[in-house]
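K.L.:
There are 2 protein chains.
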Amino acid sequence: MFEDVIAYYKKLVPHLTDKELSALQDCFRIRQLQKGAFLLKEGQVCRHVSFVNRGLLRLYYAIEGKEISIGFVSKGDYTSEYESFLTRKPGSHNIEALTNAELVDLSFDDMQLLYKSYPSFQEFGRKIAETLFIMLNQRNTALLVLSPEERYRNMIINNDSILQNVPQYMLASYIGVTPEHLSRIRKKMSGH
Amino acid sequence: MFEDVIAYYKKLVPHLTDKELSALQDCFRIRQLQKGAFLLKEGQVCRHVSFVNRGLLRLYYAIEGKEISIGFVSKGDYTSEYESFLTRKPGSHNIEALTNAELVDLSFDDMQLLYKSYPSFQEFGRKIAETLFIMLNQRNTALLVLSPEERYRNMIINNDSILQNVPQYMLASYIGVTPEHLSRIRKKMSGH
DNA sequence: CGTTTGCTTGAATTCTGTCAAAGCAGGTGG
DNA sequence: CCACCTGCTTTGACAGAATTCAAGCAAACG
Chain A
1 MFEDVIAYYK
11 KLVPHLTDKE
21 LSALQDCFRI
31 RQLQKGAFLL
41 KEGQVCRHVS
51 FVNRGLLRLY
61 YAIEGKEISI
71 GFVSKGDYTS
81 EYESFLTRKP
91 GSHNIEALTN
101 AELVDLSFDD
111 MQLLYKSYPS
121 FQEFGRKIAE
131 TLFIMLNQRN
141 TALLVLSPEE
151 RYRNMIINND
161 SILQNVPQYM
171 LASYIGVTPE
181 HLSRIRKKMS
191 GH
Chain B
193 MFEDVIAYYK
203 KLVPHLTDKE
213 LSALQDCFRI
223 RQLQKGAFLL
233 KEGQVCRHVS
243 FVNRGLLRLY
253 YAIEGKEISI
263 GFVSKGDYTS
273 EYESFLTRKP
283 GSHNIEALTN
293 AELVDLSFDD
303 MQLLYKSYPS
313 FQEFGRKIAE
323 TLFIMLNQRN
333 TALLVLSPEE
343 RYRNMIINND
353 SILQNVPQYM
363 LASYIGVTPE
373 HLSRIRKKMS
383 GH
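As given, the protein sequences belong to chains A and B, one line each in that order.
All letters in the first sequence, in the order written, are residues 1 to 192 by my numbering.
All letters in the second sequence, in the order written, are residues 193 to 384 by my numbering.
1. From this set, B:333, B:297, B:344, which residue's C-alpha is nearest residue 365 of chain B's C-alpha?
2. Taking all protein chains shown into account, decide if residue 199 of chain B is buried (16 or more other Cβ within 10 angstroms of its Cβ) or exposed.
3. Which residues, taken in chain order from the segment 249 to 279 of chain B, show a beta carbon closer than 8 Å to some beta carbon of chain A?
4. Taking only the alpha-carbon atoms, compute the straight-line gap between residue 211 of chain A and residue 41 of chain A and give it to the nearest angstrom.
5. Under 7 Å Cβ-Cβ, which residues of chain A neighbour residue 331 of chain B?
6. Would you call residue 175 of chain A buried or exposed, if buried means 16 or more other Cβ atoms sit within 10 Å of its Cβ?
7. For a minimum of 3 consecutive residues, which ranges assigned as the beta strand (DSSP E) are wholly contained in the segment 114 to 148 of chain A?
8. How would you list, in chain order, the residues of chain A whose beta-carbon sits under 7 Å from the beta-carbon of residue 321 of chain B?
9. Establish whether the CB of residue 122 of chain A and some CB of chain B are separated by less than 7 Å.
10. Using alpha carbons as the reference points, say which of B:312, B:286, B:265 lies closest to residue 352 of chain B.
11. Ignore the nearest five residues each way along the sequence and tell me which others in residue 248 of chain B's own chain have a CB closer than 6 Å to its CB.
12. Classify residue 181 of chain A as helix, strand or coil using the three-state DSSP reduction.
13. Between the segment 163 to 178 of chain A and chain B, which residues of the former have a C-beta closer than 7 Å to a C-beta of the latter?
14. What residues in the segment 335 to 353 of chain B have a beta carbon less than 8 Å from any beta carbon of chain A?
15. Can you list the alpha helix (DSSP H) stretches of 4 or more residues lying completely in the segment 206 to 269 of chain B, in chain order?
16. Mind checking residue 84 of chain A: buried by the 16 CB within 10 Å criterion, or exposed?
17. For residue 104 of chain A, which of helix, strand or coil comes out of DSSP?
18. Does residue 119 of chain A get closer than 7 Å to chain B when you measure Cβ to Cβ?
19. Which chain A residues sit within Cβ distance under 8 Å of residue 385 of chain B?
20. Between residue 46 of chain A and residue 91 of chain A, which are expected to be in contact by the criterion C-beta below 8 Å, what is the C-beta distance as a whole number of angstroms?
21. DSSP three-state call for residue 165 of chain A: helix, strand or coil?
22. Going by the beta-carbon positions, is the gap between residue 13 of chain A and residue 124 of chain A smaller than 7 Å?
23. From this set, A:114, A:44, A:122, A:76, which residue's C-alpha is nearest residue 89 of chain A's C-alpha?
24. Could you tell me whether the segment 305 to 322 of chain B touches the segment 251 to 266 of chain B, where touching means 3 or more Cβ pairs closer than 8 Å?
25. Would you call the CB atoms of residue 374 of chain B and residue 143 of chain A closer than 7 Å?
Okay, structure coming up:
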């Protein structure tokens, strides 16, 4: 039930004690999500961080009738509207289940409690934030430095497995182009 | 000498003790930077985080003969090639002093030591990473969702003081357009 | 002064988005 | 088994956005 998420914690902070891990497990809540359901809708305050036990999720903005994907999260990764979670303000994007999914939730309040009771979790929180920063930094660099075609190539190389299960039009906005344009990029790429 | 940087720490983690702050001060090193000099060049491993006591710095990529600005840091803020600092790998961007500047350096090794000796600094590290994440997240959203003109407007509103001292062609790449195009955007904006 | 540095302008070109239509599955019901 | 949806991708024609290259201009500086 919690094996994967516990392993995730142990990997980031190897020196966590059994007592600490047990306190952590007491805070976990399992949540099931149907395909098409929302983990979070824009305007809501995000009150949990969620580990994906099973399934595939998409994070996206809905702006002026259009959807702009900002990330995809699959089994074995953490997700959240982390800015909303940290600031306690309404979030600006949606998190949607692209397949049936099982999540392990940890609430904001429980997290603060863990921070207070066991300093080791401060270290976990720090490393999570650092990891998220690094990922976002790389994404940011790609948006500024690479062409759409290069971003698509990168995506194929790095996220092949996710790519299989996501419709192209969702990838298009992630790369920063329209679905039509991505289609043409693909055509051009196959043309050699 | 260290008043501003100490205040920065106190603000993020109010419960830091005098003993902890004193240990921190022992790790600080002042560094002076001439206008045009580099705090860091791409390819180097970033071994410090630096608080800006005085002056203005620019972070940028140099790609294929072009420079792409990714941020500006002025008095009262922290800067670093944080990804390189965290991963201990060579960094990919440059940090240049746009004016004469005075920095307060804290080394990676000292920081790890502080983390180990005083758990409160874990909390500081966490909050720093969280803050950086939030800033980067907002920047990312702007790049995906807003038009160049809207990004320029935002920049005027949020960073007016920095803007005064930075040549326009450096702002252009930050916004994601060529200098010529930014010039035209400004013309169009003044045209009403 | 003359040089440098940065900003503006113009014209041609390339890139990307829009809109509309057609193609292509996979799934469902008859 | 076929006909028909439905959701997604591809294509084409066109318009708009942004870059490139080249030239001119103005302020700042030695």
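Virtual Cβ for every residue (Gly too), placed ideally from N, Cα, C.
P.N.:
Taking the structure as given:
1. Cα-wise, what sits closest to residue 365 of chain B is B:344.
2. exposed
3. Of all residues in the segment 249 to 279 of chain B, 253, 255, 260, 262, 274, 275, 278, 279 have a Cβ within less than 8 Å of some Cβ in chain A.
4. Here chain A covers residues 1 to 192 and nothing more, so residue 211 of chain A does not appear.
5. 140
6. Using a 10 angstroms sphere on the CB of residue 175 of chain A, the tally of other CB atoms reaches 16 or more, which defines it as buried.
7. none
8. 126, 129, 130, 133
9. Closer than 7 Å to some Cβ of chain B, the Cβ of residue 122 of chain A qualifies, so yes.
10. The option with the nearest alpha carbon to residue 352 of chain B is B:265.
11. 266, 290, 291, 357
12. Note: residue 181 of chain A maps to helix in three-state DSSP.
13. 176
14. 335, 336, 337
15. 210 to 219
16. buried
17. strand
18. yes
19. Because chain B here runs from 193 to 384, residue 385 of chain B falls outside it and cannot be looked at.
20. Contact between residue 46 of chain A and residue 91 of chain A holds, with the beta-carbon distance rounding to 5 Å and staying under 8 Å.
21. Residue 165 of chain A falls in the coil class under three-state DSSP.
22. Yes.
23. A:44
24. Cβ pair count under 8 Å is below three, so no.
25. no
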